[in-house]
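Notes follow once the structure below has been shown.
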């Protein structure tokens, strides 16, 4: 007679679920015109963590994210969200569980800030039904959260770069998904807006996966950093493990001095370019 399997204690089962990755990527590869852009990418993002993807231009960071949120279809590999195959999820279910803020946001026609943020509530609205009071309440909550109260009736195309980024962030947050994926959300912004947007993200109780081009921002805000080089994962670990002079030189070809920031308790990176003398 076959031996019955042991019953798993409820406490252990709950702990296992808590420790399971929110997002898991296994072996994703993607090519364009028969040229591999990323190959065999494995990645885990724990629930509630802030994970930054770092690497030089053209290394495959954005390509990886686009394979995760279905702009691209990978040549091989799979991604799981809460243990479910991400690409087999119905669109509405996926939108309830994952929001995305892309690097490129082309607006086909202009709309108000309020209407732009309301797009984040699309997954919760039924066809031919008008916006519910709850949706409008949530939209205003996140307009205030990103510091744009009073801008509700301003048109999106009339906004500054920083205001546009905050509007798009409000739209992603209004989706109320527990996982948010961002492709360089602070790109092309001045330093004040960069830290403002990262502060907004950090105070949300979300799981965050983001491409980040500024290493000092990655050091300050990330719980874990994934280094990508030439389409492959180069290293994964805490900022103090990944942001070393050796790793920075291998990725970007520049030496750096890594020192503790006494004010924040985080790393501070000073770059050491070879300046040409007169």
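Numbering (my numbering), first residue to last: 3 to 280.
Just so you know, even glycine gets a beta-carbon here, dropped at the ideal spot from N, CA and C.
From a predicted model like this one, the values you see are computed outputs, not experimental measurements.
> How about the segment 158–168 and the segment 83–100: do they share at least three Cβ pairs that are nearer than 8 Å?
Replying inline: no
>> Tell me the DSSP secondary structure of residue 185 in three-state form.
In response: In the chain shown, counting from the first residue as 1, residue 185 sits at position 183. Strand, per DSSP.
> Which class does residue 303 belong to by DSSP, given the choice of helix, strand or coil?
Replying inline: The structure shown does not extend to residue 303, since the chain is modelled only from 3 to 280, so the question has no answer here.
> Which residue comes first and which comes last in the alpha helix (DSSP H) that contains residue 135?
Replying inline: One-based indexing of the chain shown puts residue 135 at position 133. Taken as a continuous stretch (DSSP letters only), the alpha helix (DSSP H) holding residue 135 covers 135–147.
>> If distances are taken between C-alpha atoms only, which option among 179, 240, 206 comes closest to residue 94?
In response: For the purposes of this step, residue 94 is taken as residue 92 along the chain shown, with counting starting at 1. Measuring from the Cα of residue 94, the nearest candidate turns out to be 179.
>> With H, G and I counted as helix, E and B as strand and the rest as coil, what does DSSP make of residue 261?
In response: Here the question's residue 261 lines up with position 259 in the chain shown. Note: residue 261 maps to strand in three-state DSSP.
> Run through DSSP, which three-state label would residue 69 get?
Replying inline: As a working note, residue 69 is residue 67 in the chain shown. In the structure shown, residue 69 sits in a helix (DSSP, three-state: H, G or I).
> Using the C-alpha atoms, what's the distance from residue 29 back to residue 112?
Replying inline: Stepping through the chain shown from its first residue, residue 112 is reached at position 110. Stepping through the chain shown from its first residue, residue 29 is reached at position 27. Residue 29 has its alpha-carbon roughly 40 Å from the corresponding atom of residue 112.
> Which two residues bound the contiguous beta strand (DSSP E) that contains residue 2?
Replying inline: This structure cannot speak to residue 2, because the chain is shown only from 3 to 280.
> Going along the chain, which residues of its own chain have a beta-carbon closer than 6 Å to the beta-carbon of residue 121, five neighbours each way excluded?
Replying inline: Position 119 of the chain shown, counting from 1, holds the residue named residue 121. Closer than 6 Å at Cβ, skipping near neighbours: 173.
>> By alpha-carbon positions, which one of 240, 52, 147 ends up nearest to residue 183?
In response: Along the chain shown, read from residue 1 onward, the residue named residue 183 stands at position 181. That would be 52, whose Cα lies nearest to the Cα of residue 183.
> Which residue comes first and which comes last in the beta strand (DSSP E) that contains residue 103?
Replying inline: Residue mapping note: residue 103 aligns to position 101 of the chain shown, counting from 1. That run of the beta strand (DSSP E) goes 100–103.
> Does the segment 29–46 come within contact of the segment 181–198, defined as at least 3 CB pairs closer than 8 Å?
Replying inline: Touching, no.
>> Let's see if you can read the secondary structure: which residues bound the alpha helix (DSSP H) around residue 41?
In response: The count along the chain shown starts at 1 and reaches residue 41 at position 39. That residue, residue 41, is in no alpha helix (DSSP H); its beta strand (DSSP E) goes 37–48.
> Using the C-alpha atoms, what's the distance from residue 125 back to residue 110?
Replying inline: For this step, residue 110 is matched to residue 108 along the chain shown. For this step, residue 125 is matched to residue 123 along the chain shown. Using only the alpha carbons, I get a separation of about 20 Å.
>> If you measure between the beta carbons of residue 2 and residue 23, is that distance less than 8 Å?
In response: Outside the displayed span of the chain (3 to 280) sits residue 2, for which this structure offers no information.
> To which residues does DSSP link residue 223 through a beta bridge?
Replying inline: Numbered from its first residue, the chain shown carries residue 223 at position 221. Paired residues: none, contrary to the question.
> Using a Cβ-Cβ cut-off of 8 Å (strictly less than) and excluding sequence neighbours within five positions of residue 158, which residues of its own chain qualify?
Replying inline: The sequence position of residue 158 within the chain shown is 156, counting from 1. Counting only Cβ-Cβ distances below 8 Å, and skipping sequence neighbours, we find 109, 112, 113, 114, 115, 118, 166, 169.
> Between residue 56 and residue 211, is the Cβ-Cβ spacing less than 8 Å?
Replying inline: For the purposes of this step, residue 56 is identified with residue 54 of the chain shown, where counting begins at 1. For the purposes of this step, residue 211 is identified with residue 209 of the chain shown, where counting begins at 1. Result no, Cβ atoms of residue 56 and residue 211 do not sit closer than 8 Å.
>> Using a 10 Å radius around the Cβ and a threshold of 16 neighbouring Cβ atoms, would you call residue 267 buried or exposed?
In response: Stepping through the chain shown from its first residue, residue 267 is reached at position 265. With fewer than 16 Cβ atoms within 10 Å of its Cβ, residue 267 is classed as exposed.
> In whole angstroms, what separates the C-alpha of residue 262 from that of residue 191?
Replying inline: For the purposes of this step, residue 262 is taken as residue 260 along the chain shown, with counting starting at 1. For the purposes of this step, residue 191 is taken as residue 189 along the chain shown, with counting starting at 1. Rounded to whole angstroms, residue 262 to residue 191 spans 25 Å at the Cα level.
> For residue 148, which option in 205, 40, 104, 209 has the closest C-alpha, if you only look at C-alpha atoms?
Replying inline: Position 146 of the chain shown, counted from the first residue, corresponds to residue 148. Residue 148 has its Cα closest to that of 205, out of 205, 40, 104, 209.
> Shortest alpha-carbon distance to residue 123 belongs to which of 241, 41, 98?
Replying inline: As a working mapping, residue 123 is identified with position 121 in the chain shown. Looking at the Cα atoms, 98 is the closest of the given residues.
> Under three-state DSSP, which class holds residue 245?
Replying inline: For this step, residue 245 is matched to residue 243 along the chain shown. Coil, per DSSP.
> If you run the structure through DSSP and keep just helix, strand and coil, what is residue 205?
Replying inline: For the purposes of this step, residue 205 is identified with residue 203 of the chain shown, where counting begins at 1. For residue 205, the three-state secondary structure derived from DSSP is coil.
> At a Cβ threshold of 8 Å, is residue 121 touching chain C?
Replying inline: You won't find chain C in this structure, because it holds only one protein chain.
>> For the beta strand (DSSP E) containing residue 236, name the first residue and the last one.
In response: The residue labelled residue 236 in the question sits at position 234 within the chain shown. It spans 234–239 - the beta strand (DSSP E) in which residue 236 sits, taken as one unbroken run.
> Taking the Cβ atom as the reference point for each residue, do residue 237 and residue 41 lie within a distance shorter than 8 Å?
Replying inline: Taking the first residue of the chain shown as position 1, residue 237 is located at position 235. Taking the first residue of the chain shown as position 1, residue 41 is located at position 39. No, the pair does not count as a contact, with Cβ atoms beyond the cut-off.
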